[in-house]
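Trainee: Have a look at this one.
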Amino acid sequence: MIELLELKTCIIEERYADALAIIGEMEEMGREDKINKIHSYMVILMMHLIKQHAEKHSARSWERSIYNSVEAIRVTNKRRKAGGYYAGREELAELCREAYPRALKNASYEAYEGRYDAGVMNLLLMLSKS
Numbered sequence: 000m001i002e003l004l005e006l007k008t009c010i011i012e013e014r015y016a017d018a019l020a021i022i023g024e025m026e027e028m029g030r031e032d033k034i035n036k037i038h039s040y041m042v043i044l045m046m047h048l049i050k051q052h053a054e055k056h057s058a059r060s061w062e063r064s065i066y067n068s069v070e071a072i073r074v075t076n077k078r079r080k081a082g083g084y085y086a087g088r089e090e091l092a093e094l095c096r097e098a099y100p101r102a103l104k105n106a107s108y109e110a111y112e113g114r115y116d117a118g119v120m121n122l123l124l125m126l127s128k129s
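Residue 129, in numbering that gives the first Met the number 0, is where the sequence shown stops; the numbers in between run on with no holes.
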């Protein structure tokens with residue numbers, strides 16, 4: 000809200016360069032909000048995928064959560080008016096890498112009734128791939 004008042008003042012005082020700078024900051028804040036939401040949905044998505052892979056079964060609630068997370072990522076990432084996306088493939092891949100440790104930790108609390116910490120859970124996942 001402070002930014003809008005500042006923007007209004009800049010326009011009234013004909014300080015257009017300052018107004019454009021504020022608009023740029025506001026756009027970046029909006030983009031960062033979208034990226035943070037996508038990251039949160041990725042943590043949820045990956046947590047359920049990790050649990051599925053580790054326990055070699057799936058619950059309907061996990062499948063619903065996976066579907067809902069994918070949809071939320073898709074909808075949040077899409078720029079409605081401007082077209083395109085907030086995060087491209089490379090940035091989405093980076094968000095996945097950043098989300099993995101938290102997703103792994105969350106999955107370790109839930110999978111196998113919480114018997115394994117994140118390190119052991121990661122080892123179990125790596126061993127199950129080979």
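The beta-carbon is built from N, C-alpha and C at its ideal position, and this holds for glycine as well.
Looking at the structure shown, is Lys138 part of a helix, part of a strand, or coil, going by DSSP?
Mentor: Since the first and last residues shown for the chain are 0 and 129, residue 138 lies out of range.
Trainee: State the DSSP-derived secondary structure class of Tyr115, mapped to helix, strand or coil.
Mentor: Three-state DSSP puts Tyr115 in coil, outside helix and strand.
Trainee: Could you check what DSSP says for Lys80 in three-state terms: helix, strand or coil?
Mentor: Looking at Lys80 - three-state DSSP - the assignment turns out to be coil, as it is neither helix nor strand.
Trainee: Pull up the distance between the alpha-carbon of Gly29 and that of Glu70, whole angstroms please.
Mentor: Going by the C-alpha atoms only, they are around 20 Å apart.
Trainee: Using beta-carbon positions only, say whether Ala81 and Ile37 come within less than 8 Å of one another.
Mentor: No. Outside cutoff.
Trainee: If you reduce the DSSP assignment to three classes, tell me which class Glu12 lands in.
Mentor: Reduced to three states, the DSSP call for Glu12 is coil.
Trainee: With burial defined as no fewer than 16 other Cβ atoms inside 10 Å of the residue's Cβ, what is the status of Ile21: buried or exposed?
Mentor: Ile21 is buried by the Cβ-count criterion.
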